[in-house]
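> First the structure, which I've put down as structure tokens, then a few questions once you've had a look.
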Amino acid sequence: MFDLGKIYTVIGGIAEERGIRAYAVGGFVRDLLMRRESVKDLDVVVEGSGIEFARWFDEKVEAEGSLVEFSDFDTARYVYTTEDEEGHKHTVFELEFAGARSEIYDELSRKPKVSTTTLHEDLTRRDFTVNAIALPIGVNGLGSEVVDPFDGAIDIEKKILRTPLDPDITFSEDPLRMMRAARFASQLGFTIEHHTYDAIARNRSRLKIVSKERICEEFFKLLATPVPSVGLYILYNTGLINEFLPEVSELNGVEELYGHQHKNNLVHTFKVVDNIAERTDNVLLRFAALMHDIGKPGTKSFVPGRGWAFDMHEHLGKKIVRDVGRRLRMSRDDIEYVALLVRWHQQPISLMDEGVTDSPVRRLIVNLEDHLQDLLTLCRSDITTGNPYKLKKRLKNYDYLEKRIAEVIEKDKLRAFQSPVRGEEIMERTGLRAGPTVGKIKKRIEDAILDGEIPHDYDAARVYFDTIKDEYLRNAEEWERGETELKIQNSKPNV
Ligand code: CTP
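Just add 308 to wherever you are in the sequence shown, counting from 1, and you've got the working numbering.
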């Protein structure tokens, strides 16, 4: 079982026994000083080998969690999990053990060079001063003698992101840190100190050496923040976004012709992302919001009498999403999900006109399948008018459309609905031949289900069938008798 108090005691015990020091560092300490709740992993820096320390830890806690070793880096992860009712494992807490070290990406390589060092040097080689604070771990828990060589605690107070070294050095050692700056600004509500900010603009092309997987993972962390536009504007204004998603920058700008202006699609798009962030934590759906109008720059035209038009931008958008997704090494399923939403995001608006028949509504239902609610979330977030009356009215239109969709689904369900006791079984059990009486019995069962007299299941339908069948058989006999009499009468010669 995961117990943070016990973890401290065990780590502190090992440190004391072995005569080495162990420290909590990084985001854990930062969040603790900020009194942020969301602590789910603890980075531990020890003097000596990270892997060795992690093995001692595993022994002491008697394999409460699972140990994963990364021998190339001399680090180890210790993962605590729980199992849900279906037997799926979920991570509750992660410990990362590392020997004090520096990890530097050189000019060309995508893999860092790792070397052992002192705690002070380890902190110097970290991304931001607020992440370069260490707290000793002892048997009684975290110690109070903070190791804070770059005044990170003050920067936390001032809500400032600043690199411990010259930012050109810190960013060039790991260029992904430039994206982390934008993410932390968005996530923690911090301001990037101006030298650090300028260095992002200056060093942005260094991001090229970082793998697309790391970039995408970090970018999605930014999209997961409460107001993603904070980070998105930093990426845009520093030009960093052009290193991995230049299509977004293309959205910027307003053109005017004959007194007609179109809206600034970058400003609009970032607002849509903020809107959707209020409605969902699904980061892929947030990404779809970022991409929804990505086809607009490539389809823009001025149509006399109509003004600015972006005809078929959703089709071009779908294509761009696939290019971008492949470039960012997203999974095929994720790409197709985003492409689908971008392709259809214009459609719901056209279904709000009066007199629209069921079939285009049905087409949307069939094409979107399980993602229809996500599309409506995107469409609702796409309303960026500053006029509260218009906003209310447009949102209401989506409520109507949602009702209409529900009605069409219900109608279609009814159309496909059949009695659980089928025609063949009715014939078998009654000895009736195919004909109107079998149809009447079937319909009677269906009506009973639709009227709520009996539940929609086979057993209930069978019991009900047994109670009504004689009535129909009697009628059928009478009818057949009548038929026979009629035949006899008809066969009598006319006199
Ligand atoms: N770190 C760094 N450079 C990076 C990544 C991480 O210097 N490119 C250091 C920072 O000191 C950071 C620590 O490693 O605090 C742990 O990294 P990580 O877990 O990725 O970030 P956190 O700061 O813990 O924040 P979060 O868990 O929210 O990502």
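C-beta: ideal position from N, C-alpha, C; glycine also. As the structure is a computational prediction, the values presented were derived from the model and not from experiment.
Given a threshold of 16 other Cβ atoms within 10 Å of its Cβ, counted over all protein chains shown, does V803 qualify as buried or as exposed?
Your numbering for residue 803 matches position 495 in the sequence shown. Residue placement at V803 is flagged as unreliable, the pLDDT there being 43, under the threshold of 50; a coordinate-derived value is accordingly withheld.
> Check whether the Cβ of L484 lies closer than 7 Å to any heavy atom of the ligand CTP, and answer yes or no.
For this step, residue 484 is matched to residue 176 along the sequence shown. Correct: L484 has its Cβ closer than 7 Å to the ligand CTP.
> Just to confirm, is the Cβ distance from E521 to R470 under 8 Å?
Numbered from 1 along the sequence shown, position 213 holds the residue referred to as residue 521. Numbered from 1 along the sequence shown, position 162 holds the residue referred to as residue 470. Their beta carbons are not under 8 Å apart, which means E521 does not touch R470 by this criterion.
> Grab the span of the alpha helix (DSSP H) containing Y388 for me, first residue to last.
By 1-based counting over the sequence shown, the position of residue 388 is 80. That residue, Y388, is in no alpha helix (DSSP H); its beta strand (DSSP E) goes T383 to E391.
> In whole angstroms, what separates the C-alpha of H503 from that of K467?
The residue labelled residue 503 in the question sits at position 195 within the sequence shown. The residue labelled residue 467 in the question sits at position 159 within the sequence shown. Roughly 15 Å separates the two Cα atoms.
> If you check the beta carbons only, do R385 and E402 fall under 8 Å apart?
For this step, residue 385 is matched to residue 77 along the sequence shown. For this step, residue 402 is matched to residue 94 along the sequence shown. Contact: yes.
> Counting Cβ pairs, one atom from each stretch, are 3 or more of them under 8 Å apart for the stretch 490-499 and the stretch 531-541?
Cβ pair count under 8 Å is three or more, so yes.
> Quick check: what's the CA-CA separation for I322 versus A597?
As a first step, residue 322 is located in the sequence shown; it is residue number 14 there, counting from the start. As a first step, residue 597 is located in the sequence shown; it is residue number 289 there, counting from the start. Computed Cα separation, rounded: 49 Å.
> Under DSSP, the alpha helix (DSSP H) around G694 begins and ends at which residues?
Within the sequence shown, numbered from 1, the residue matching residue 694 stands at position 386. From DSSP, G694 is part of no alpha helix (DSSP H); its letter is neither H nor E.
> What alpha helix (DSSP H) runs, 4 residues minimum, are completely inside the stretch 468-507?
The stretch 468-507 contains these whole alpha helix (DSSP H) runs: 475-481 and 484-496.
> L427 and Y331 look like a contact to me (Cβ under 8 Å); what is the Cβ gap, rounded to whole Å?
Within the sequence shown, residue 427 is the residue found at index 119, counting from 1. Within the sequence shown, residue 331 is the residue found at index 23, counting from 1. Contact flag correct, Cβ pair sits at about 6 Å.
> For P286, does the three-state DSSP call read helix, strand or coil?
Any property of residue 286 remains undetermined from this structure, which presents the chain solely from 309 to 803.
> For a test of your reading of the model: does the CB of N560 fall under 7 Å from any non-hydrogen atom of the ligand CTP? Yes or no.
If you number the sequence shown from 1, residue 560 lands on position 252. For the ligand CTP, not one heavy atom lies less than 7 Å from the Cβ of N560.
> How would you write the range of the beta strand (DSSP E) that V650 sits in, first residue to last?
Your numbering for residue 650 matches position 342 in the sequence shown. Not the beta strand (DSSP E): V650 falls in the alpha helix (DSSP H), residues R640 to W652.
> In this structure, does DSSP put D414 in helix, strand or coil?
By one-based count along the sequence shown, residue 414 stands at place 106. Coil, per DSSP.
> Is any heavy atom of the ligand CTP found at a distance shorter than 7 Å from the C-beta of A440?
Locating residue 440 in the sequence shown gives position 132, where the first residue counts as 1. Result yes, Cβ under 7 Å from the ligand CTP.
> So if DSSP puts H568 in a beta bridge, which residue, or which two residues, is it bridged to?
Taking the first residue of the sequence shown as 1, we reach residue 568 at position 260. Paired residue(s): L565.
> Use the C-beta contact count for S480: other C-beta atoms within 10 angstroms, 16 or more gives buried, fewer gives exposed.
What you label residue 480 is simply residue 172 of the sequence shown in a count that begins at 1. With 16 or more Cβ atoms within 10 Å of its Cβ, S480 is classed as buried.
> Below 8 Å, how does it come out for the stretch 368-386 and the stretch 427-442: are there three or more Cβ pairs, yes or no?
With the cut-off at 8 Å, the stretch 368-386 and the stretch 427-442 do not touch.
> Check this for me: beta carbons of M660 and L709, under 8 Å apart or not?
Within the sequence shown, the letter at position 352 stands for residue 660. Within the sequence shown, the letter at position 401 stands for residue 709. In contact: M660 and L709 (Cβ atoms closer than 8 Å).
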